[in-house]
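Asks:
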Amino acid sequence: MAEIIMKGSEVAASIQDSLTGKFANLEIVKVGARPDDLSYQRGIIKRFAALGFGVNIHELPENISQSDFDSEFERINKDSSNQGILLFRPLPSHLSDEKACKIINPFKDIDCMSPINLAGVFAGVKNSFAPCTALAVMEMLNYYKISLLGQNVVIVGRSLVLGRPLSMLMLSENATVTICHSKTKNLAEICKRADIIIAAAGHAGLITPEFVNDKSIIVDVGINLSSEGKICGDVDYERVAPIVHAISPVPGGVGAVTTSVLAKNLVKAAILQA
Numbered sequence: 034m035a036e037i038i039m040k041g042s043e044v045a046a047s048i049q050d051s052l053t054g055k056f057a058n059l060e061i062v063k064v065g066a067r068p069d070d071l072s073y074q075r076g077i078i079k080r081f082a083a084l085g086f087g088v089n090i091h092e093l094p095e096n097i098s099q100s101d102f103d104s105e106f107e108r109i110n111k112d113s114s115n116q117g118i119l120l121f122r123p124l125p126s127h128l129s130d131e132k133a134c135k136i137i138n139p140f141k142d143i144d145c146m147s148p149i150n151l152a153g154v155f156a157g158v159k160n161s162f163a164p165c166t167a168l169a170v171m172e173m174l175n176y177y178k179i180s181l182l183g184q185n186v187v188i189v190g191r192s193l194v195l196g197r198p199l200s201m202l203m204l205s206e207n208a209t210v211t212i213c214h215s216k217t218k219n220l221a222e223i224c225k226r227a228d229i230i231i232a233a234a235g236h237a238g239l240i241t242p243e244f245v246n247d248k249s250i251i252v253d254v255g256i257n258l259s260s261e262g263k264i265c266g267d268v269d270y271e272r273v274a275p276i277v278h279a280i281s282p283v284p285g286g287v288g289a290v291t292t293s294v295l296a297k298n299l300v301k302a303a304i305l306q307a
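Each residue of the sequence shown is one higher than the one before, counting from 34 in my numbering.
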């Protein structure tokens, strides 16, 4: 088995300890009630209750019109009683979040919806809010004292909510970063030469023993359902874990850190607004 199993609960507890004694209010905005949203919502409420943070849920009807959605989001955005806003996405197909992304106060945008924050992440602006999952990966590596300095990192996944912003965060720590995707040729060979692999393609079991070596450090960010209906990551954990140096499980890995990072960003937002 891998020498290091990177457990999200330990990282989350460390972040939570650093937030003790602080307070802020979060507004969650969602349209309808998707099962995966409800699971994430429960996790946020539980984590924030332990910290004494406030959480308000704005569940809008699934058939809400674009104009009504825009008006409601703008009202919440201007409400001075909250310090952070989290919009559950994707929205139903008849709605666009384009206006919300443009109007959200960048100082309340704790999960990087705003193009201002996204541009800030790419420009290395210190007070910009990066996506929480990308930050959770960084927190996990930092907690387990895995330095990025000079490391060869391969990120499998190029999304704007994870792969690309995470590459910028890692470059700022002086890693050498390669972004791969579904069209990358010789993906297994590229990954096998890497020091650190971030699996974020959304493809169950993509990373197999052919992708790794005994020094590999694997952070699995994938959330998928197996053929048996169980949650699994992008890594074939049972076959890969005995080979590599370090690995994060799914569930119990990065996902467990994300809500704590959200709380950390909320406190940062409160401080910036103050």
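We put the beta carbon where it would ideally sit given N, CA and C, even for glycine.
None of these values were measured; they are calculated from a predicted model.
1. So the alpha helix (DSSP H) Asn219 belongs to, where does it begin and stop?
2. So which of Gly238, Val88, Thr291 has the shortest CA-CA distance to Leu258?
3. Applying the 10 Å Cβ sphere with the 16-neighbour rule, what's the burial state of Ile90?
4. Mind listing, in chain order, the continuous alpha helix (DSSP H) runs of no fewer than 4 residues lying wholly within the region 132-213?
5. Ends of the alpha helix (DSSP H) at Lys111?
6. Give a yes or no on whether the C-beta atoms belonging to Met146 and Met39 are separated by under 8 Å.
7. Any idea if Gly190 is buried or exposed, counting beta-carbon neighbours within 10 angstroms, 16 or more meaning buried?
8. Roughly how many angstroms separate the alpha carbons of Arg80 and Val300, rounded to a whole number?
9. In three-state DSSP terms, what is Val300?
10. My assumption, with CB atoms under 8 Å, is that Val252 sits in contact with Ile231. Please give the rounded CB distance.
11. If you draw a straight line from the C-alpha of Ile188 to the C-alpha of Leu202, how long is it?
12. Determine the direct distance from the alpha carbon of Ala302 to that of Lys141, and round the result to whole angstroms.
13. Can you tell me whether Gly117 is buried or exposed, with buried defined as 16 or more other CB within 10 angstroms of its CB?
14. Taking C-beta to C-beta, are Ile97 and Val64 nearer than 8 Å?
15. Are the region 39-55 and the region 284-292 touching by the rule of at least three beta carbon pairs closer than 8 Å?
16. Give me the Cα-Cα distance between Leu128 and Cys265, rounded to the nearest whole angstrom.
17. Straight-line CA distance for Val149 to Pro139?
18. Does the distance between the C-beta of Asn246 and the nearest non-hydrogen atom of the ligand FMN fall short of 7 Å?
19. Is it buried or exposed for Glu222, if we count other Cβ within 10 angstroms and need 16 for buried?
20. Alpha helix (DSSP H) containing Val44: first to last residue?
21. Please report how far the alpha carbon of Thr320 lies from the alpha carbon of Ser180, in whole angstroms.
22. Specify, as a first and last residue, the run of the beta strand (DSSP E) that Phe117 falls within.
23. With DSSP as the reference, please indicate the residues paired to Asp253 in a beta bridge.
24. Have a look at the DSSP bridge pairing and note the partners of Gly87.
25. Checking 8 Å against the spacing of the C-beta atoms, do Val186 and Ala227 come in under that value?
26. Using alpha carbons as the reference points, say which of Val88, Gln99, Arg272 lies closest to Ser126.
27. Compute the Euclidean distance between the alpha carbons of Thr241 and Ile304, then round it to the nearest angstrom.
28. Could you check where the alpha helix (DSSP H) with Arg272 kicks off and where it finishes?
Replies: Short version:
1. In the sequence shown, residue 219 corresponds to position 186, counting from 1. No alpha helix (DSSP H) holds Asn219; DSSP gives it neither H nor E.
2. By 1-based counting over the sequence shown, the position of residue 258 is 225. For the residues Gly238, Val88, Thr291, the minimum Cα distance to Leu258 belongs to Gly238.
3. Indexing the sequence shown from 1 puts residue 90 at position 57. By the 10 Å Cβ count, Ile90 comes out exposed.
4. 148-156, 165-176, 196-204
5. Your numbering for residue 111 matches position 78 in the sequence shown. From DSSP, the alpha helix (DSSP H) with Lys111 extends over 99-111.
6. Reading the sequence shown from its first residue, position 113 is the one you call residue 146. Reading the sequence shown from its first residue, position 6 is the one you call residue 39. No.
7. For the purposes of this step, residue 190 is taken as the residue at position 157 of the sequence shown. Buried: at least 16 other Cβ atoms inside 10 Å.
8. Sequence index remark: in the sequence shown, residue 80 carries index 47 (1-based). Sequence index remark: in the sequence shown, residue 300 carries index 267 (1-based). Between Arg80 and Val300, the C-alpha separation is close to 14 Å.
9. Position 267 of the sequence shown holds residue 300. In this structure, Val300 counts as helix in the three-state DSSP scheme.
10. For the purposes of this step, residue 252 is taken as residue 219 along the sequence shown, with counting starting at 1. For the purposes of this step, residue 231 is taken as residue 198 along the sequence shown, with counting starting at 1. Rounded, the Cβ-Cβ distance is 5 Å, consistent with contact.
11. If you number the sequence shown from 1, residue 188 lands on position 155. If you number the sequence shown from 1, residue 202 lands on position 169. Computed Cα separation, rounded: 12 Å.
12. Position 108 of the sequence shown holds residue 141. Position 269 of the sequence shown holds residue 302. Cα to Cα, Lys141 sits roughly 6 Å from Ala302.
13. In the sequence shown, the residue the question calls residue 117 occupies position 84. Buried, by the Cβ-count rule.
14. Your numbering for residue 97 matches position 64 in the sequence shown. Your numbering for residue 64 matches position 31 in the sequence shown. Yes, the Cβ-Cβ distance between Ile97 and Val64 is below 8 Å.
15. yes
16. On the sequence shown, position 95 is the one that residue 128 refers to. On the sequence shown, position 232 is the one that residue 265 refers to. Each residue's alpha carbon lies about 30 Å from the other.
17. The sequence position of residue 149 within the sequence shown is 116, counting from 1. The sequence position of residue 139 within the sequence shown is 106, counting from 1. The sequence as given places Ile at residue 149; Val does not occur at that position. Using only the alpha carbons, I get a separation of about 7 Å.
18. The model depicted lacks the ligand FMN and carries no ligand whatsoever.
19. Position 189 of the sequence shown, counting from 1, holds the residue named residue 222. With fewer than 16 other Cβ atoms within 10 Å, it is exposed.
20. Here the question's residue 44 lines up with position 11 in the sequence shown. Counting along the chain, the alpha helix (DSSP H) containing Val44 begins and ends at 41-52.
21. The question about residue 320 has no answer, for the chain in this structure spans 34 to 307.
22. Numbered from its first residue, the sequence shown carries residue 117 at position 84. According to the sequence as given, residue 117 is Gly; it is not Phe. That run of the beta strand (DSSP E) goes 117-120.
23. The residue you call residue 253 lines up with position 220 of the sequence shown. DSSP, once it has assigned bridges, lists Ala232 as partnering Asp253.
24. Locating residue 87 in the sequence shown gives position 54, counting from the first residue. Asn58, per the DSSP bridge assignment.
25. Numbered from 1 along the sequence shown, position 153 holds the residue referred to as residue 186. Numbered from 1 along the sequence shown, position 194 holds the residue referred to as residue 227. In contact: Val186 and Ala227 (Cβ atoms closer than 8 Å).
26. As a first step, residue 126 must be located in the sequence shown, where it is residue number 93. Measuring from the Cα of Ser126, the nearest candidate turns out to be Gln99.
27. Locating residue 241 in the sequence shown gives position 208, where the first residue counts as 1. Locating residue 304 in the sequence shown gives position 271, where the first residue counts as 1. Cα to Cα, Thr241 sits roughly 44 Å from Ile304.
28. For the purposes of this step, residue 272 is taken as the residue at position 239 of the sequence shown. Arg272 -> alpha helix (DSSP H) spans 270-273.
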